[in-house]
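Undergrad:
There are 2 protein chains.
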Amino acid sequence: MKSSKLDMPNCEDCQNKGGVFSCLSKQDKAILGEDKGNNFYKKGQVIFYEGNHPHGLYCIFNGKVKISKLGDEGKEQIVRISGNADTLGYRSLLCNEPYKATATAIEDSYICYLSKKKFFELLESNNTLCLNTIQLLARELRQSEQQLVDITQKSVRERIAEVLMQLKGKFGTKPDGITLDIRLTRREIGDMAGVTTETTIRTLSDLNKEEIIHINGKDIQILKPDQLHRIANIED
Amino acid sequence: MKSSKLDMPNCEDCQNKGGVFSCLSKQDKAILGEDKGNNFYKKGQVIFYEGNHPHGLYCIFNGKVKISKLGDEGKEQIVRISGNADTLGYRSLLCNEPYKATATAIEDSYICYLSKKKFFELLESNNTLCLNTIQLLARELRQSEQQLVDITQKSVRERIAEVLMQLKGKFGTKPDGITLDIRLTRREIGDMAGVTTETTIRTLSDLNKEEIIHINGKDIQILKPDQLHRIANIED
DNA sequence: TTTACTATATGATATAAATCATATATACAG
DNA sequence: CTGTATATATGATTTATATCATATAGTAAA
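Residue numbers (our numbering), protein chains in the order written: chain A, 125 to 360; chain B, 125 to 360.
1) Keeping to the same chain, check which residues put their C-beta closer than 7 Å to that of Arg204 of chain B; ignore five residues upstream and five downstream.
2) Decide if Leu130 of chain A is buried, meaning its Cβ has at least 16 other Cβ atoms within 10 Å, or exposed.
3) Say whether chain B places a C-beta atom closer than 8 Å to the C-beta of Ser268 of chain A.
4) Applying the 10 Å Cβ sphere with the 16-neighbour rule, what's the burial state of Asp360 of chain B?
5) The beta strand (DSSP E) that contains His366 of chain A, what's its start and end?
6) Could you tell me if Asp210 of chain A is buried or exposed, where buried requires 16 or more neighbouring beta carbons within 10 angstroms of its beta carbon?
7) Between the C-alpha atoms of Thr252 of chain B and Cys147 of chain B, what's the straight-line distance to the nearest angstrom?
8) DSSP puts Ile275 of chain B in a beta bridge; with which residues?
9) Cys219 of chain B versus chain A: which residues are under 8 Å apart at the beta carbon?
10) So with Cβ pairs under 8 Å, would you call Ile205 of chain B a contact of chain A?
11) Can you tell me which of the three DSSP states Leu148 of chain B falls into?
12) Within the 8 Å Cβ cut-off, does Cys254 of chain A reach chain B?
13) Let me check understanding here. Comparing Cα to Cα, which of A:Phe185, A:His353, A:Lys333 lies closest to Leu288 of chain A?
14) To the nearest angstrom, report how far apart Thr257 of chain B and Ile313 of chain A are at their CA atoms.
15) DSSP three-state label for Leu212 of chain B, please.
16) Less than 8 Å between CB atoms is the rule here; does Asp196 of chain B satisfy it with respect to chain A?
17) For Leu328 of chain B, does the three-state DSSP call read helix, strand or coil?
18) Count Cβ pairs between the stretch 223-232 of chain B and the stretch 172-180 of chain B that sit closer than 8 Å; are there 3 or more?
19) Whole-angstrom Cβ separation of Lys292 of chain B and Ile346 of chain B, contact assumed at under 8 Å?
20) Output, in chain order, the set of chain A residues within a Cβ distance shorter than 9 Å of Asn251 of chain B.
21) Within 8 Å (strictly less), CB to CB, does Thr276 of chain B reach chain A?
22) Run through chain A and tell me which residues come within less than 8 Å of Asn357 of chain B, C-beta to C-beta.
23) Check whether the Cβ atoms of Asn208 of chain B and Ile184 of chain B sit closer than 8 Å, and answer yes or no.
24) Run through DSSP, which three-state label would Asn134 of chain A get?
25) For Met316 of chain B, which residues in the same chain have their Cβ closer than 7 Å to its Cβ, ignoring the five residues on either side in sequence?
26) Nearest to Glu158 of chain B by CA position, among B:Thr324, B:Asp232, B:Tyr237, is which residue?
27) Counting along the chain, where does the alpha helix (DSSP H) carrying Ala317 of chain A start and finish?
28) Suppose contacts are defined by Cβ-Cβ distances below 8 Å. Is Ser268 of chain B in contact with Glu200 of chain A by that definition?
29) Select from B:Gly341, B:Glu334, B:Arg283 the residue whose C-alpha is nearest the C-alpha of Leu308 of chain B.
30) In this structure, does DSSP put Gln345 of chain A in helix, strand or coil?
31) Output yes or no for whether 8 Å exceeds the beta carbon distance between Arg281 of chain B and Ala262 of chain A.
32) Quick check: the Cα distance between Asp152 of chain B and Asn134 of chain B, rounded to an integer number of angstroms?
33) I need the straight-line Cα distance from Pro299 of chain A to Asp343 of chain A, nearest angstrom please.
34) Run the CB neighbour count on Asp274 of chain B, radius 10 Å, all protein chains shown included, and call it buried at 16 or more, exposed below.
35) In the DSSP output, which residue or residues are listed as bridge partners for Glu334 of chain B?
36) Ends of the alpha helix (DSSP H) at Lys284 of chain B?
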């Protein structure tokens, strides 16, 4: 399975708001995109593997990608799910270290590939980008540390509820306003919460019976967000 | 209990290697330290609380500090232990958000306080410092994400072993080469590994009986680092 | 010193969640 | 379309670790 080239989207017109690069001027975006590539990744396809050396930066044009780490027993922990405008692999790139996690497309995705050279040139010359990157990292670090506390101190039910709320926050809902705009397997939801597949299925099934959510195959509707929020025990 | 002023150490002569500021020139260090303060914190004293607003940056001149978050049941999770040359609270400062964790001195410490203004001025003008900060954040994020995988997938025994190896790596040993150069309570070790105090005591006691470590009150000697490393199951 | 508090220690019991087992439904490659 | 693999579902059992209980040893304060 090889990723195939596509009509190149222009960084200058990139619709993606909120990414690190949103602060760049049209000119800088043009520089950044000079020798970039854009590839199509089919659902399930791996973008990079844990252990690989990074040679550039990925930026999701359209799609969704899970970032996961493999434990020694082969169990997967999903560290984060990235969507439109999110960048992948910049931590390893910045540290000049091999990737410490694997990136896999969880739906058909178009992902741009920016040259390491251009990115560093821009980072060195553009202080706003630099400060933006710092803020992005600081925010992600905060989130990761919070997740650590959650996972050690919350019950499975709380964690699953929290994952659902996070997914709603990040990817929103379909036009109906209640169906999550992301389809994950039960295993993937469990891998996010650090829970086995069976327990995840049971927990979701419970929430379904309690009519807090409604499950229709891989589509999950959040019927009572307030109650789910309360179960998740989210403070901030 | 109030922290008391002290003879001001000079940033220019600061012995601390390896911190973010190690890249700065003598001149820049002078600028950074212009209106800084230096305070003494007694063991147990809190430097800042979760929820407080940051107005500057802390830099440990000498001592050790634990960074912890309080779960809703009052259980503490130690996110990190910082030592000489480490900076505290820059994540919140950079994001312009309240502190998301509490910093407490775990031994008598001298800690410098740098003005937010100077730090940002320098960050905006000095690109090396900027890139250094990015690298620091990227490395910490990596570590935090690894810790997340560890804590969900490793057994208590593995986690405790890992904490001991981490402490050895970060703080080293006393001149004898085996006694950890940091004294923590069993509770604190447990709070690092996400384990109850009782289970931590039992686990350390087991390792002691197996003669992998030797416990003498709060002093822990690593007798068989290789074996401990193997138990910790550390990959990278 | 005596008192009080906190940390360490260890046993007994409870329990949340993992594991094992098996069945059915769904998705997908040929 | 059809067979095969994968995902969902649910029950039974096990187990690691938390919780509860109580005792002793340090440590700090009066």
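Beta carbons are placed, not taken as given, at the ideal position from N, Cα and C, and that holds for glycine.
None of the values given here were measured: they were computed from a predicted structure.
TA: If we stick to the structure as given:
1) Ile191
2) Its pLDDT being 48, under 50, Leu130 of chain A is placed unreliably by the model, and nothing is read from it.
3) yes
4) Legend: pLDDT at Asp360 of chain B = 44, less than 50; position of this residue unreliable, value from coordinates given subsequently. It counts as exposed.
5) Nothing can be reported for residue 366 of chain A: it is not among the residues displayed for chain A, which extend from 125 to 360.
6) buried
7) 7 Å
8) Bridge partners of Ile275 of chain B: none, in fact.
9) Gln259, Ala262, Arg263, Arg266
10) no
11) coil
12) Under the 8 Å criterion on CB atoms, Cys254 of chain A is classed as interfacial with respect to chain B.
13) Ranked by Cα distance from Leu288 of chain A, the first of A:Phe185, A:His353, A:Lys333 is A:His353.
14) 33 Å
15) In this structure, DSSP gives Leu212 of chain B an extended state, which the three-state scheme calls strand.
16) yes
17) In this structure, Leu328 of chain B counts as helix in the three-state DSSP scheme.
18) yes
19) 6 Å
20) Leu247, Glu248, Ser249, Asn251, Cys254
21) yes
22) Asp196
23) Their beta carbons are under 8 Å apart, which means Asn208 of chain B touches Ile184 of chain B by this criterion.
24) Asn134 of chain A sits in coil when the DSSP states are folded into three classes, being neither helix nor strand.
25) Excluding sequence neighbours, Met316 of chain B sits near Ile202, Val287.
26) B:Tyr237
27) 310-317
28) Contact: no.
29) B:Gly341
30) Here Gln345 of chain A sits in strand by DSSP.
31) No, Cβ-Cβ distance for Arg281 of chain B and Ala262 of chain A is not below 8 Å.
32) 12 Å
33) Within the model, the alpha-carbon separation for Pro299 of chain A versus Asp343 of chain A is close to 13 Å.
34) buried
35) Partner(s): none; Glu334 of chain B has no beta bridge.
36) A small correction: the amino acid at residue 284 of chain B is Ile; Lys does not occupy that position in the sequence shown. Ile284 of chain B: member of the alpha helix (DSSP H) spanning 280-295, first to last residue.
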